[in-house]
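Notes follow the structure.
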Amino acid sequence: MQRDAEKELIRRCQKGDKAAFSQLVRGHQQGVFNLLYRLIPEWMDLEDIAQEVWVKVYQSLGKINEYSSFKTWLNRIAINTYYDKMRRQGNRIDLSIDEPFGSGGDDNVNGLDLVDPKLLPEEMILDAEWKQFVEAKIKILPEQYKVMIIMRDIQNFSYEEICSVTDLSLGAVKTRIARAREKLLKELSGYFKEVKADVS
Numbered sequence: 480m481q482r483d484a485e486k487e488l489i490r491r492c493q494k495g496d497k498a499a500f501s502q503l504v505r506g507h508q509q510g511v512f513n514l515l516y517r518l519i520p521e522w523m524d525l526e527d528i529a530q531e532v533w534v535k536v537y538q539s540l541g542k543i544n545e546y547s548s549f550k551t552w553l554n555r556i557a558i559n560t561y562y563d564k565m566r567r568q569g570n571r572i573d574l575s576i577d578e579p580f581g582s583g584g585d586d587n588v589n590g591l592d593l594v595d596p597k598l599l600p601e602e603m604i605l606d607a608e609w610k611q612f613v614e615a616k617i618k619i620l621p622e623q624y625k626v627m628i629i630m631r632d633i634q635n636f637s638y639e640e641i642c643s644v645t646d647l648s649l650g651a652v653k654t655r656i657a658r659a660r661e662k663l664l665k666e667l668s669g670y671f672k673e674v675k676a677d678v679s
């Protein structure tokens with residue numbers, strides 16, 4: 480959706496145009512579903528949380544200004560709704576950054592290419608079972624790392640978008656992404672050992 484057309488839809492929504500809101504939802508609902516699907520544990524109801532996100536969007540549209548990115552604003556609501564749901568279930572969400580800024584994230588790491596392709600057969604990287612395994616390992620990471628991996632490496636958010644969604648500095652975001660990737664690679668190391676044993 481073109482940004483100008485989207486802004487016009489938002490203006491119409493702010494005036495109470497329900498048809499415009501339905502159009503806005505249709506344009507972004509798949510992105511919200513994809514983000515939440517990768518965040519939430521299996522016992523959570525995806526459709527219920529997605530509906531809660533859109534209720535909050537509808538109630539808060541008057542607060543967004545014309546200079547804001549709707550997609551970033553929407554992602555922020557989706558992630559905060561997920562956090563709220565986890566807290567209501569008694570889960571502690573640690574969003575603090577207490578690590579000093581060290582090595583930043585690698586801009587060349589995107590999608591599920593979290594391992595140097597030269598180290599693995601191409602078939603393994605593209606294999607559906609491999610992708611499912613990676614996503615399962617991402618879901619068991621600590622929340623502050625899981626969210627970073629999903630935003631940066633799965634959803635391909637820019638660093639600026641992540642800073643805006645999380646209210647963290649660029650240095651803090653890069654540090655957390657680097658730590659998240661380290662933790663994920665440790666989780667994946669067992670898989671590589673099994674593959675090596677099978678082919679030896």
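In my numbering, each residue's number is its place in the sequence shown (first place is 1) plus 479. Glycine included, C-beta positions come from ideal geometry on N, C-alpha and C. All values derive from a computational prediction rather than experimental measurement.
Scanning the stretch 483-542 from its first residue to its last, the whole alpha helix (DSSP H) runs of 4-plus residues come out as 497-518 and 525-539.
Comparing C-alpha distances from residue 513 to each of 651, 647 and 557 shows the shortest one belongs to 557. A direct Cα-to-Cα measurement between residue 481 and residue 560 gives close to 26 angstroms.
In this chain, the alpha helix (DSSP H) harbouring residue 643 covers 638-645. No residue range can be given for residue 634, since it is assigned to no alpha helix (DSSP H) and is classified by DSSP as neither H nor E. Closest by C-alpha distance to residue 492, out of 539, 650 and 633, is 539.
Pairwise C-beta distances place the stretch 636-646 in contact with the stretch 549-556, as three or more of them are shorter than 8 angstroms.
Residue 544 carries a coil assignment under DSSP once its states are collapsed to helix, strand and coil.
With contacts defined as CB atoms closer than 9 angstroms, residue 666 and residue 619 qualify as a contacting pair. In the displayed model, residue 668 falls within a helix according to three-state DSSP. In the DSSP assignment, residue 628 falls within the unbroken alpha helix (DSSP H) covering 622-628. Counting along the chain, the unbroken alpha helix (DSSP H) around residue 558 starts and ends at 549-567.
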